[in-house]
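Remarks on the structure that follows.
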Amino acid sequence: MSATNTARLAALGLELPPVPAPAAAYVPAVRHGDLVIVSGQLPLADGALLATGLVGDGPGEHDVEAAASLARRCGLNVLAAAASVAGGLDAIGSVLRVGVFVASGDGFTRQHLVANGASELLAAVLGPGAVHARAAVGVPRLPLDAPVEVEAMLTVRS
């Protein structure tokens, strides 16, 4: 028998955090039939941003490894939001699409490597159901000056 999503999360030494409160007029996730659409999640822990600023190669900018770690946290928050409307983490079946937005410094072009932080976390927790389409997009700034934001569309097991 294959491991559950919850067991894979625990094996990583992680727990689902509380769902971060929305920063504006939206909800963290919406379920429509067997689809769950998760709003953009920031790298929040205990209600606070883990970092602010840009990702890039310039002075004071976050490097790819640090930004990928922040994207991983965003991915964990995506799972928490999805689980909150899906009926728990084990009710999540697959990931259809992930969108990763990276607040990028001048000339930065490795958004796809930052996005791997979220994609790899989803794969580690959801197993074979985590194969997904993805966009990794560089933007000048994100809400609250976050370096990374991740949104997703997932399915609920029937």
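Its first residue numbered 0, the sequence shown is counted upward by one per residue in numbering that gives the first Met the number 0. Where is the CB? At the ideal position from N, CA and C, for every residue including glycine.
Nearest-angstrom Cβ-Cβ length linking residue i and residue j, presumed shorter than 8 Å
i, j, result
"residue 117", "residue 99", "6 Å"
"residue 120", "residue 86", "The Cβ separation is near 21 Å, so there is no contact."
"residue 56", "residue 107", "7 Å"
"residue 34", "residue 76", "Actually they do not touch by this definition, with Cβ atoms about 19 Å apart."
Burial state of residue i (16 or more Cβ within 10 Å)
i, result
"residue 64", "exposed"
"residue 61", "buried"
"residue 157", "exposed"
"residue 1", "exposed"
"residue 129", "buried"
"residue 27", "buried"
"residue 109", "buried"
"residue 127", "exposed"
Start and end residues, beta strand (DSSP E) containing residue i
i, result
"residue 154", "147-155"
"residue 39", "34-40"
"residue 30", "28-31"
"residue 113", "Looking at the DSSP string, residue 113 is not in any beta strand (DSSP E); the run it does join, the alpha helix (DSSP H), is 110-125."
Bridge-paired residues (DSSP) for residue i
i, result
"residue 131", "In DSSP, residue 131 forms no bridge with anything."
"residue 47", "44"
"residue 100", "136, 148"
"residue 93", "154"
"residue 54", "61, 103"
Limits of the unbroken alpha helix (DSSP H) element including residue i
i, result
"residue 69", "63-85"
"residue 5", "4-10"
Cβ-Cβ distance between residue i and residue j below 7 Å
i, j, result
"residue 81", "residue 91", "yes"
"residue 151", "residue 113", "no"
"residue 5", "residue 88", "yes"
"residue 145", "residue 48", "yes"
"residue 133", "residue 97", "yes"
"residue 78", "residue 147", "no"
"residue 137", "residue 103", "yes"
"residue 18", "residue 93", "no"
"residue 22", "residue 142", "yes"
"residue 149", "residue 7", "no"
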